[in-house]
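Trainee:
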Amino acid sequence: MRIHVGVCGIGFGHSSRSLHVVKKLLEHGYEVSVSTYGEAVNFFLRHGIPVNRVTSVKYGVAENGSVSVKRTLAENILLPLTLASQVLEEYNLIGEETDLVISDTRASTLLAAKMKRKPVILILNQFNISLETEKHKKIARILEPLVQAPAKVWEVADALAIPDLPPPYTISLRTLNLPEKLKDKTFYVGPLSPKPPTVDREEVRERLGIEEDELVLLAHISGPRKEREELIKKLTELAKKLDKGRRFIVTSGNPDGREIKREGNIIIFDWYENIHELFSACDLVISRAGLSVIHTCILHGRRMLLIPIPQHGEQVGNAYRVQQLGLGKTLEESKLSEETFREAINELENEAEEFGKNILEVKRLAESLEGVDKVLEILHKLLKAI
10 MRIHVGVCGI
20 GFGHSSRSLH
30 VVKKLLEHGY
40 EVSVSTYGEA
50 VNFFLRHGIP
60 VNRVTSVKYG
70 VAENGSVSVK
80 RTLAENILLP
90 LTLASQVLEE
100 YNLIGEETDL
110 VISDTRASTL
120 LAAKMKRKPV
130 ILILNQFNIS
140 LETEKHKKIA
150 RILEPLVQAP
160 AKVWEVADAL
170 AIPDLPPPYT
180 ISLRTLNLPE
190 KLKDKTFYVG
200 PLSPKPPTVD
210 REEVRERLGI
220 EEDELVLLAH
230 ISGPRKEREE
240 LIKKLTELAK
250 KLDKGRRFIV
260 TSGNPDGREI
270 KREGNIIIFD
280 WYENIHELFS
290 ACDLVISRAG
300 LSVIHTCILH
310 GRRMLLIPIP
320 QHGEQVGNAY
330 RVQQLGLGKT
340 LEESKLSEET
350 FREAINELEN
360 EAEEFGKNIL
370 EVKRLAESLE
380 GVDKVLEILH
390 KLLKAI
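Here the sequence shown is numbered in this note's numbering, starting from 10 and rising by one per residue.
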């Protein structure tokens with residue numbers, strides 16, 4: 010049987026979680042086709058998965074790395090044409106031989122599948138889009154109905170696989186205000202990441218030249234390139250001013266890079282192939298607030314300092330939810346300074362036991378869910394109903 014998987018190509022969160030689903034499908038003997046765009050194309054290729062590159066969509070980014078309503082409008086002025094082009098591309102890729110379609114937050118994939126009368130599983134953790142802006146609030150209010158339009162598209166999916174923890178531990182709570190009529194076909198499958206492999210923490214730390222008593226901070230920054238670069242630049246400058254006994258490791262999220270830089274207490278990797286090694290070696294993680302990286306922190310039992318992309322509604326909601334659940338701290342990028350950074354790190358270190366207890370509870374739940382297997386269970390039920 011043939012499965013087509015359409016993946017949102019913005020950042021690496023969608024592609025990293027969909028990769029695990031694709032691999033599981035291949036293990037079960039399915040023929041799989043994948044379509045995506047942007048940086049996700051090379052991500053899949055690096056993992057040996059052939060990709061159909063399709064027309065890109067993106068949101069606008071200001072010079073400071075924040076989401077820009079104005080630039081989003083400017084860069085997507087032809088969005089109706091772009092969407093139509095994507096739908097046509099997906100329609101042709103799905104063809105007649107595809108038995109079922111999986112869409113990871115791709116409206117075009119979902120629409121094309123329905124035009125082909127194929128069953129669709131929608132992987133989604135942002136049903137409602139939260140438009141955050143300080144400068145253009147009037148425009149945001151006018152655009153609110155348009156921004157929420159994708160929710161009507163999501164509703165036509167045959168099943169919604171929410172890659173998040175079930176209530177009351179749901180991270181994406183702010184963007185999952187689902188209509189009652191969808192509850193029967195909505196499944197909280199849990200993180201779409203397998204249980205992390207066993208890693209020799211001490212061996213990795215020794216290999217990286219980390220002293221036994223050093224506190225290791227891992228800055229694992231994902232998201233679109235411009236936003237990554239802006240935050241990494243700020244964090245590396247702040248890391249130079251940290252107290253002694255702290256080692257700062259940065260992953261730049263550049264899958265095409267191989268460079269490793271060392272400067273004082275800082276190690277910067279363009280890309281680290283086995284990221285689980287760094288999560289095992291570190292004591293706490295500094296990152297954006299995408300759902301995939303939050304789940305990775307939980308599965309590794311690591312407390313977090315989250316710095317959401319400015320004016321990115323989903324990430325802002327995720328970050329404050331993590332803080333509410335006692336799994337980490339949130340620091341807005343506009344308030345990021347030597348003082349606030351040091352205070353946040355010190356609090357995460359001084360209250361490590363309390364944070365650790367909360368994370369352990371949620372980690373046990375996450376490990377019990379087997380998210381990828383749950384997606385395949387949904388898939389098998391839909392295929393049987395054809």
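Note that the Cβ used here is the ideal one computed from N, Cα and C, for glycine as well.
Bear in mind that the values here come from a model prediction, so they are computed numbers and not experimental data.
#1: Tell me whether V165 is buried or exposed, calling it buried when 16 or more other Cβ atoms sit within 10 Å of its Cβ.
#2: Name the DSSP beta bridge partners of I230, please?
#3: Do you know how far the Cα of E99 is from the Cα of P128?
#4: Taking DSSP as the reference, what is the three-state secondary structure of F136?
#5: For L131 and L169, which I take to be in contact (beta-carbon distance under 8 Å), what is that distance rounded to the nearest angstrom?
#6: Determine the extent of the beta strand (DSSP E) in which Y197 is found, giving its start and end residues.
#7: Let me know if M313 comes out buried or exposed under the rule of 16 or more other beta-carbons within 10 Å of its beta-carbon.
#8: Hey, quick one: how far does the beta strand (DSSP E) through S112 stretch, first residue to last?
#9: Give me the Cα-Cα distance between G69 and T260, rounded to the nearest whole angstrom.
#10: For H56, which three-state DSSP category applies?
#11: Could you spell out where the beta strand (DSSP E) holding K338 opens and where it closes?
#12: Here's the rule: buried if 16 or more other CB atoms are within 10 angstroms of the residue's CB, otherwise exposed. What is G199?
#13: Should G266 go down as buried or exposed, given a rule of 16 or more other Cβ atoms within 10 Å for buried?
#14: According to DSSP, is V302 helix, strand or coil?
#15: Look up L131 in the DSSP assignment and give the residues it is bridged to.
#16: Does DSSP classify G74 as helix, strand or coil?
#17: For L54 and T45, I'd like the C-alpha separation in whole angstroms.
#18: Does DSSP classify M10 as helix, strand or coil?
#19: Quick check on the DSSP output: the beta strand (DSSP E) that includes L314 runs from which residue to which?
#20: Just to confirm, is the Cβ distance from L226 to V294 under 9 Å?
#21: Identify every run of the alpha helix (DSSP H) within the region 175-221, keeping only runs that are complete inside it and at least 4 residues long; order them along the chain.
#22: Taking one C-beta from the region 313-328 and one from the region 282-294 each time, how about it: are there three or more such pairs within less than 8 Å?
#23: Have a look at the DSSP bridge pairing and note the partners of R256.
#24: Quick check on DSSP: helix, strand or coil for F278?
#25: I'd like the span of the alpha helix (DSSP H) that includes R373, first residue to last.
#26: With three or more beta-carbon pairs closer than 8 Å as the criterion, would you say the region 242-256 touches the region 218-225?
Mentor: Taking the coordinates as given:
#1: Label assigned to V165: exposed.
#2: Paired residues: none, contrary to the question.
#3: Between P128 and E99, the C-alpha separation is close to 14 Å.
#4: Coil at F136, not helix or strand.
#5: Right, the Cβ-Cβ distance comes to about 5 Å (below 8 Å), so this counts as a contact.
#6: Note, Y197: beta strand (DSSP E), 195-197.
#7: With 16 or more other Cβ atoms within 10 Å, it is buried.
#8: Residues 109-113.
#9: Any reading at G69 must be qualified, since the residue scores a pLDDT of 44, below 50, and its modelled position is unreliable; no value is offered.
#10: Correct three-state label for H56: coil.
#11: Per DSSP, K338 belongs to the beta strand (DSSP E) from 337-339.
#12: Per the 10 Å Cβ criterion, buried.
#13: So G266 ends up on the exposed side.
#14: DSSP, reduced to helix, strand and coil, places V302 within a helical segment of the structure shown.
#15: Answer is S112, L169, bridged to L131.
#16: No answer about G74 holds up, because its pLDDT of 48 lies below 50 and its placement is not dependable.
#17: Note on geometry: alpha-carbon atoms of L54 and T45 lie some 11 Å from one another.
#18: M10: coil per DSSP, three-state reduction.
#19: For L314, the uninterrupted beta strand (DSSP E) segment begins and ends at 312-315.
#20: Yes, the pair counts as a contact, with Cβ atoms nearer than the cut-off.
#21: If we require 4 residues or more, the alpha helix (DSSP H) runs fully inside the region 175-221 come out as 210-216.
#22: Counting Cβ pairs under 8 Å, three or more are found: they touch.
#23: BP columns for R256 point to V225.
#24: Three-state DSSP puts F278 in a strand.
#25: Here the alpha helix (DSSP H) through R373 covers 361-378.
#26: Contact holds between the region 242-256 and the region 218-225, because three or more Cβ pairs, one in each stretch, are under 8 Å apart.
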